[in-house]
């Protein structure tokens, strides 16, 4: 029985069913077509294709890759890069760059371990250590944000500068790898709840958090800062605050990644995180987000990060040496971006714009 | 007689220029360093610093051209191209003076070609320079590993060592190369069509194309040149080091070449800058490092201070620019 | 009731006086035009109204309240909105997102964006334009970078409307709009007037003022010339007030050059993104106009000829021989030159010295690798004198020049290359009347000496007064060709708006 909008049974519609069925099918077909069109044109579409391709390839090379144990382990191992990449996405959407994520990761890593150890190592001390680590991430991000947004320093160089400072600081706090971390960290981190890895649950929670952020309108305003900063000022947006927030989010996500590393390695390492800054930026670019800012998304970033990691595994299981892993990684990033660039060129309509602005360097 | 207030204003403007700030900082550091550790500002030491700085300065020259060309141009593969230059140079010359010319040619061809690949990726495939050159550097290290995995890399031939480190009128050879390079770059920018095209492209690439500049070709060539300069620098660096001790010997050049260019006053957006600034920048960075070593600060603290000083310098540039506007 | 009043306002930038003891007042429900030559101070006055600039001297009164210093945010809070020519839109965001940027309505519970209301308000803001743009969900979701520039301008206006202003300043907002859209814009102005919102409009287009303005204020060199009721003056008088003692625009081109019989350029079946099957030929010494409504493919024809945009063509022939015009360098080597009206993007290198701005194309064309600064200087100085450019030193950067002089630099650059075919793309846009007249004189002299011109302009009068022949464009096709007696406004509009004929041509 069909009902109308206020719940009353609608007999009329029953009769019209036959006549309108044809047109309803047409509308559904149109809607499906439109959805297909928008889906294939989503910025992360290429990354998804590459991911599926490699994933299937891996199945051929190494059957056991698909085992539950392996996949859950992989997700756990990939989580730090995924988190850093998500954080980097915020910064890039806002028109900036965060080159300091690598050494920040190391810094949070050693701070968490040091605080935990110097306090005594008990459960409360561990919680304090975690809070200290997260606070460090937020604070470091805040500093980056100050430099870039308020002092208007170019993001590339100033975050390179902070990268150097965090690196030195990390070394000061811990001269070399070591420290004691309770094994419970590893146990919790590698645990699975009804088959789902703990780290994946964290990721899902974070994605929900990001979705919530989207609903508050933060992302749109952040993209405005990255897309046309003059326009953002014109629209009376608090540009500085928005950008500082993006760097703080990057710091926070990097700190979370550091916690994962602490749990995974149960040590403090002042040299951890090496290479993460370039990897996270590559992952973001692979995922279809424009490095100039303003367009793109988090799904793409996750896909991009996974693709990077899959490349390593493909090469590894194919029996080729570390060299080939490295070579392949570089070549595939180049190829993927080249192809991606060509595709966007074709599907883009030439809209002439007289707009100023665009991402800063 | 010029109006004194105008003179004062002009003087103030000049002092706000980044390269002048950098130069003043150099003098300041030399002064303080000499107070703390007498002999710091001696000619001998300065020449030593200049020698180390020269390699950075040469690589930064290529980086300078790319950044000048605009479009967020950046070459993060220069470090590993330096390593590659040293390795190819060593392998082809096999420690024989007679083979040096061939070795040099090999280095030029290989690194120029790799640079062109960067250029193609950036211009024709629209891959952001940051990612393109960074990915290429990954490819290059793989190539390097392939080469060194199979073959041993011989050290530098005697002649190569003499050219770089040997002294003419008490000045090491490499400094002469650097000076020649600086003169060449200056000429290139100021008196050639290429220079005008480069600066125009860096200012506004669309306008440049409408003025008749073939922007894609220009930018591709720039990456080729940057690669070649890095490679040849690596070749000379081999002469300085006498042997390839480690395949990551060039890595430090990447980041520092960008910093030297920025410290020298070139805008990362392109279109503005001078190589003299880059020279001073390269010298300043080495000087800072030396100073921090001299005042006996341990490595981690040195690193922190280096980063902080860098941020302060960039901050001062920002303020200087704002005042000029 | 006076809603805005400025008394004795002055503003200087270093040595330059932008406004000198300016008086201005705006009534409620008024459409007030602000005119004057480039650099006369009208932009500065608007910036003061918008709170972007603080005057050095003078008093301001907004809605009856005396105001000393105002920030842009305060101005916005008071209900003053500005629609600039350089858009404040974010290209990567959708139309809906752009319109509602920063003013998104929130749900009461969690403070999240109320998507339904958001969409409704965006649609409401675009409602006045429903005749010229599709008002669908699909359209609202489109990225701003994917719609043409005239629609972007409309979105910019909608954005201002969505903020429910009490006063709107339009700074050359109709520059990119074509005639139909301008009509809609007028109806919006009238609509705003009816609900008590006043508008200040900066425009160079005289027809607009007489059609819709209530009052017009003329500024010259920072000083107020007069504020008059539009019904009391005509366009000529307004121009007179703007330029002072210079002569008025009139028919420049007396008669076509009858000696021009050689064909210098042939275009056969040109096809591009917006151009369909265009063919035409150009004689030596001829000035050919590309007319019709804005955005019908005229600019693209010029850009494809100059090698700046890709296209498919059966042949380009110069002096009878097939040529390759696929890059700007090649076009230049075939003695083509392109001057755009968009100086900032397409003409002048603002941070480079005037010297470099001038010699760049010459050096490229003559394949010079090295040059002597002294010798080039000697070549350049007489040229600058010839085109009457006002500048300080050759080493000064181009942004030290006024708009009109910057345009002259671009012209000078191309004159140095001795072009055979000059492509003009609305090159007098935003240039004041005096400089424009000088430009016309230079052009005609050169054409008499054998240079040919293909000219696209957004001002029909400019084309009618200066060309020998006009090709009328509609939807990427040439629908009519006007010559001789048919070279008048009536014929031009008739051809431009004749959709039946356009369809015939298409078949």
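Residue numbers (our numbering), protein chains in the order written: chain A, -11 to 349; chain B, 3 to 327; chain C, 420 to 926.
C-beta: ideal position from N, C-alpha, C; glycine also.
Bear in mind that the values here come from a model prediction, so they are computed numbers and not experimental data.
Next item on the list: Determine the chain A residues that contact residue 264/B at a beta-carbon separation under 8 Å, and present them in chain order.
Entry: Along the second chain, one-based indexing puts residue 264/B at 262. Under the 8 Å cutoff, chain A gives 142, 145.
Practice item. Measure from the C-beta of residue 202/B to each C-beta in chain C and report whether the shortest distance is under 7 Å. Key: Counted from its first residue, the second chain places residue 202/B at position 200. So, interface residue.
Under 7 Å (Cβ pairs) to chain C, residues found in the segment 21 to 43 of chain B: none
What are the uninterrupted segments assigned as alpha helix (DSSP H) that are 4 or more residues long and contained completely in the segment 274 to 326 of chain B, given in chain order? 277 to 296, 301 to 326
Item to complete: Going by DSSP, name the residue or residues bridged to residue 759/C.
Response: Position 340 of the third chain holds residue 759/C. 844/C.
Exercise for the section: Examine the Cβ distances between the segment 94 to 102 of chain B and the segment 269 to 286 of chain B and report whether three or more of them are shorter than 8 Å. Expected result: no
Whole-angstrom Cβ separation of residue 869/C and residue 703/C, contact assumed at under 8 Å? Position 450 of the third chain, counted from the first residue, corresponds to residue 869/C. Position 284 of the third chain, counted from the first residue, corresponds to residue 703/C. At roughly 6 Å, the Cβ-Cβ gap stays under 8 Å, so residue 869/C and residue 703/C are in contact.
>> Measuring straight from C-alpha to C-alpha, what distance separates residue 153/A and residue 94/A?
In response: One-based indexing of the first chain puts residue 153/A at position 165. One-based indexing of the first chain puts residue 94/A at position 106. Approximately 12 Å between the Cα atoms of the pair.
Using a Cβ-Cβ cutoff of 8 Å, what residues of the segment 808 to 835 of chain C are near chain B? List them in chain order. 832
Could you compute how far the alpha carbon of residue 54/A sits from the alpha carbon of residue 300/A? Residue mapping note: residue 54/A aligns to position 66 of the first chain, counting from 1. Residue mapping note: residue 300/A aligns to position 312 of the first chain, counting from 1. Computed Cα separation, rounded: 16 Å.
Answer yes or no: does any C-beta atom of chain C fall closer than 7 Å to that of residue 233/B?
If you number the second chain from 1, residue 233/B lands on position 231. No, residue 233/B does not count as interfacial toward chain C.
Compare the Cα-Cα distances from residue 74/B to each of 310/B, 131/B, 63/B, 127/B and report the closest residue. As a first step, residue 74/B must be located in the second chain, where it is residue number 72. The shortest C-alpha separation from residue 74/B is found at 131/B.
### For residue 146/A, three-class secondary structure by DSSP
Position 158 of the first chain, counting from 1, holds the residue named residue 146/A. Helix.
Pair within 7 Å by beta-carbon distance, residue 121/B and residue 109/B:
Residue 121/B sits at position 119 when you count from the first residue of the second chain. Residue 109/B sits at position 107 when you count from the first residue of the second chain. For residue 121/B and residue 109/B, no; Cβs fall outside 7 Å.
When DSSP builds the beta bridges, which residues end up paired with residue 452/C? Within the third chain, residue 452/C is the residue found at index 33, counting from 1. According to DSSP, residue 452/C bridges with 620/C, 635/C.
* Going along the chain, which residues of its own chain have a beta-carbon closer than 7 Å to the beta-carbon of residue 481/C, five neighbours each way excluded? -> In the third chain, counting from the first residue as 1, residue 481/C sits at position 62. If we look at residue 481/C and ignore the five residues flanking it on each side, its Cβ neighbours are 423, 497.
Classification of residue 315/A by the beta-carbon crowding that lies within 10 angstroms, buried from 16 upward:
Taking the first chain and counting its residues from 1, one reaches residue 315/A at position 327. Under this definition residue 315/A is a buried residue.
Interfacial residues, the segment 203 to 233 of chain B to chain C, with Cβ spacing under 8 Å: 205, 206, 208, 209, 210, 211, 212, 213, 214, 215, 216
How many angstroms separate the CA atom of residue 460/C from the CA atom of residue 627/C?
-> Position 41 of the third chain, counting from 1, holds the residue named residue 460/C. Position 208 of the third chain, counting from 1, holds the residue named residue 627/C. About 20 Å.
TODO: Quickly, what does DSSP pair residue 79/B with across the bridge? List them, please.
DONE: Translated into positions along the second chain, residue 79/B becomes position 77. Note: residue 79/B sits in no beta bridge, so no partner.
Q. For residue 398/C, which beta-bridge partners are listed by DSSP?
A. Since the displayed chain C opens at 420 and closes at 926, residue 398/C lies outside it and no answer follows.
query: Is residue 24/A helix, strand or coil by DSSP?
result: Position 36 of the first chain, counting from 1, holds the residue named residue 24/A. Residue 24/A: helix per DSSP, three-state reduction.
Exercise. Residue 495/C touches chain A at which residues, Cβ-Cβ below 7 Å?
Worked result: Counted from its first residue, the third chain places residue 495/C at position 76. Those within 7 Å of residue 495/C in chain A are 224.
Given that a residue counts as buried once 16 or more other Cβ atoms are within 10 Å of its Cβ, and exposed if not, what is residue 906/C? As a first step, residue 906/C is located in the third chain; it is residue number 487 there, counting from the start. Buried: at least 16 other Cβ atoms inside 10 Å.
Can you name the start and end residues of the alpha helix (DSSP H) that residue 441/C belongs to?
Translated into the one-based positions of the third chain, residue 441/C becomes position 22. Looking at the DSSP string, residue 441/C is not in any alpha helix (DSSP H); the run it does join, the beta strand (DSSP E), is 435 to 446.
Next on the checklist: Considering only their Cβ atoms, is the gap separating residue 893/C from residue 717/C smaller than 7 Å?
Outcome noted: Taking the first residue of the third chain as position 1, residue 717/C is located at position 298. Taking the first residue of the third chain as position 1, residue 893/C is located at position 474. In this structure, residue 893/C does not lie closer than 7 Å to residue 717/C by Cβ.
Residue 240/A beta carbon less than 7 Å from that of residue 213/A: Numbered from 1 along the first chain, position 225 holds the residue referred to as residue 213/A. Numbered from 1 along the first chain, position 252 holds the residue referred to as residue 240/A. No, they are not a contact pair.
* Comparing alpha-carbon positions, which option in 428/C, 596/C, 537/C, 875/C lies nearest residue 486/C? -> Here residue 486/C corresponds to residue number 67 of the third chain, with the count starting at 1. When each option's Cα is compared against that of residue 486/C, the closest is 428/C.
Which residues DSSP lists as bridging residue 51/B, in chain order: If you number the second chain from 1, residue 51/B lands on position 49. In DSSP, residue 51/B forms no bridge with anything.
Would you decide whether residue 44/B is buried or exposed? Buried here means 16 or more other CB atoms lie within 10 Å of its CB. Start at 1 with the first residue of the second chain, and residue 44/B comes out as number 42. Exposed: under 16 other Cβ atoms inside 10 Å.
Entirely enclosed beta strand (DSSP E) segments - the segment 480 to 505 of chain C, minimum 3 residues
484 to 486, 499 to 502
Closer than 7 Å, Cβ to Cβ, to anything on chain B: give me those residues from the segment 732 to 755 of chain C, in chain order.
746, 747, 748, 751
Exercise. Going by DSSP, name the residue or residues bridged to residue 741/C.
Key: The residue given as residue 741/C occupies position 322 in the third chain. According to DSSP, which records beta bridges pairwise, residue 741/C is partnered with 736/C.
Considering just the uninterrupted stretch of the alpha helix (DSSP H) at residue 682/C, what are its terminal residues?
Taking the third chain and counting its residues from 1, one reaches residue 682/C at position 263. No alpha helix (DSSP H) holds residue 682/C; the beta strand (DSSP E) holding it covers 682 to 690.
Looking at chain A, is there any beta carbon in it that lies within less than 7 Å of the beta carbon of residue 130/B? Working through the second chain from its first residue, we reach residue 130/B at position 128. Taking Cβ atoms only, chain A reaches closer than 7 Å to residue 130/B, which makes this a yes.
Check your understanding: Over what stretch of residues does the beta strand (DSSP E) that includes residue 873/C continue unbroken?
Key -> The sequence position of residue 873/C within the third chain is 454, counting from 1. 871 to 875 is the span of the beta strand (DSSP E), which, as asked, contains residue 873/C.
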